[in-house]
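Heads up, the thing below is written out as structure tokens.
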Amino acid sequence: MQPVTIPEGFDFTDPELYEKRLPHPEWAQLRKAEPIHWVQKADPSADGFDDAGYWVVSKHADVKEVSRRTNEVFSAWENTAVPRFAPGTDRAIIEMLRFLILNQDGEEHKKHRRIISKGFTPRNVAKLRDTLAARAEKIVTEAAAKGSGDFIIEVASELPLQAIAELLGVPQEDRHQLFEWSNLMTSYDVPELADASTLASAQLLEYAQKLAADREENPQDDLITKLIQADIDGEKLSADDFGWFVILLAVAGNETTRNATTHGMIAMLDNPDQWELFKSERPETAYDEILRWASPISSFQRTATEDLELGGQQIKKGDRLALMYGSANFDEDVFDDPFTFNILRDPNPHLTFGGQGPHYCIGANLAKLQIELIFNAIADHMPNLESLGESKRIRSGWLNGITEWPVDFKCPVAH
-8 MQPVTIPEGF
2 DFTDPELYEK
12 RLPHPEWAQL
22 RKAEPIHWVQ
32 KADPSADGFD
42 DAGYWVVSKH
52 ADVKEVSRRT
62 NEVFSAWENT
72 AVPRFAPGTD
82 RAIIEMLRFL
92 ILNQDGEEHK
102 KHRRIISKGF
112 TPRNVAKLRD
122 TLAARAEKIV
132 TEAAAKGSGD
142 FIIEVASELP
152 LQAIAELLGV
162 PQEDRHQLFE
172 WSNLMTSYDV
182 PELADASTLA
192 SAQLLEYAQK
202 LAADREENPQ
212 DDLITKLIQA
222 DIDGEKLSAD
232 DFGWFVILLA
242 VAGNETTRNA
252 TTHGMIAMLD
262 NPDQWELFKS
272 ERPETAYDEI
282 LRWASPISSF
292 QRTATEDLEL
302 GGQQIKKGDR
312 LALMYGSANF
322 DEDVFDDPFT
332 FNILRDPNPH
342 LTFGGQGPHY
352 CIGANLAKLQ
362 IELIFNAIAD
372 HMPNLESLGE
382 SKRIRSGWLN
392 GITEWPVDFK
402 CPVAH
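Numbering (our numbering), first residue to last: -8 to 406.
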């Protein structure tokens, strides 16, 4: 990759940038020349934060360090973990998102994480394998029978939605409403959808709170009941807490897994030798390479809670730092030939699940299971899938997503 000169004020969280492409050339230049890089904003309110700018953290080691030291000298709560909001976003809206475990610090974060983690233990996730494997096969065979369609709608989005419904114990017929709410909630950077995005968040919160209230009255053998009855230190998830958890699950558990699936499938078709290798060998290493390559969350942020030094730069208390997972996962000092999609890559210490530390993704096991199951189903039932056109990227300053991808499923003749 050729060195580039990064223009002053180049915004690494600009949704218009990510709608067109990922800033890989610029990230590569930062990793080589200035791993901790200050972005001076031309407009203080352009990203929803009324400040002078933010630090870009581009190297794997530095992203890991900040992740590990969250709750110690870095905060997810102060400005939330989301590095980009719509221009002029009311500060009260940003602070309201502190109810999400993603944006919490300290004892409150530990308490909620202990409760929620009970639903995502390896044992509980393993119990879902057979059910989700059957669902993955059904999703793919039904899509294949249609001949062609949008990969996101017909394949990539379905298993995460069905998994969430299965995990929570919500009616499967509600999953399409969850899909719509999730799409709208992450579309706040699209000006004409900003109001609909806010409304979708409120509607999903209300929906989840009603589910919690119902389980209080009618307990069942499902995750909702476990969470609202998970008594830890005299505490359990309130209906409000549960509502915010479902919002997080709808985005973190749905958007990210479906985008990893889509980016992974595009990478397979762009590298037919890897797709042939996967179909014949099914290497376990493939799923981590899909996650590394996809990096479905381009960045989250932390805020410094004291003056400190990071990577040779003086960070001041209150400074925001954007952790660029999409850059760290292609760090030449960690990954050999990082821009080669290699499903046999081992080791593969990607940071797709947030690096080390207290905010490591609770649902990592479930996400990896879903990717394994859906790619095996695709390899079994639509092995000759072909792209019918360019994919369309989401407009987001922190999500690396695909909204449309037309494909020919190339259903093989039954035999």
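The beta-carbon is built from N, C-alpha and C at its ideal position, and this holds for glycine as well.
- Judged by DSSP in its simplified three-state form, His254 adopts helix.
- Just measuring C-alpha positions, the residue of Thr4, Asp310 and Thr252 sitting nearest Val64 is Asp310.
- The alpha-carbon of Ile353 is positioned some 30 Å away from that of Gly44.
- At a Cβ-Cβ threshold of 8 Å, Asn262 and Phe332 count as neighbours.
- Taken through DSSP and simplified to helix, strand or coil, Arg293 comes out as strand.
- Asp53 and Lys101 have their C-alpha atoms roughly 23 Å apart.
- Considering only Phe1, Lys11 and Gln20, the residue with the shortest C-alpha distance to Glu323 is Gln20.
- Counting other Cβ atoms within 10 Å of its Cβ, Ala117 stays below 16 and is therefore classed as exposed.
- In the pairwise beta carbon analysis, the stretch 265 to 275 is classified as not touching the stretch 300 to 310: fewer than three pairs are separated by under 8 Å.
- Contact between Met176 and Ala191 is confirmed by a C-beta separation of about 5 Å, below the 8 Å threshold.
- Within the DSSP bridge table, the entry for Ile27 names Val48 as partners.
- When C-alpha distances from Gly392 are compared across Phe400, Trp284 and Asn339, the shortest belongs to Trp284.
- In the structure shown, Leu335 falls within a coil segment according to DSSP collapsed to helix, strand and coil.
- In the DSSP annotation of this structure, the continuous segment of the beta strand (DSSP E) that includes Gly140 starts and ends at Ser139 to Asp141.
- In the structure shown, Lys383 falls within a strand segment according to DSSP collapsed to helix, strand and coil.
- Per DSSP, reduced to three states, the secondary structure at Val54 is helical.
- Nearest to Ala67 by C-alpha distance, out of Ser290, Ala358, Val398 and Ser387, is Ser290.
- Contact between Val131 and Leu195 does not hold, since the beta-carbon distance rounds to 27 Å and is not under 8 Å.
- The beta carbon of Ile219 lies closer than 7 Å to those of Ala203, Arg206, Glu207, Lys227, Leu228 and Phe233 in the same chain, with the five residues before and after it left out.
- Phe170 and Glu197 have their C-alpha atoms roughly 16 Å apart.
- Secondary structure at Arg166: helix, using DSSP grouped into helix, strand and coil.
- Taken through DSSP and simplified to helix, strand or coil, Met373 comes out as coil.
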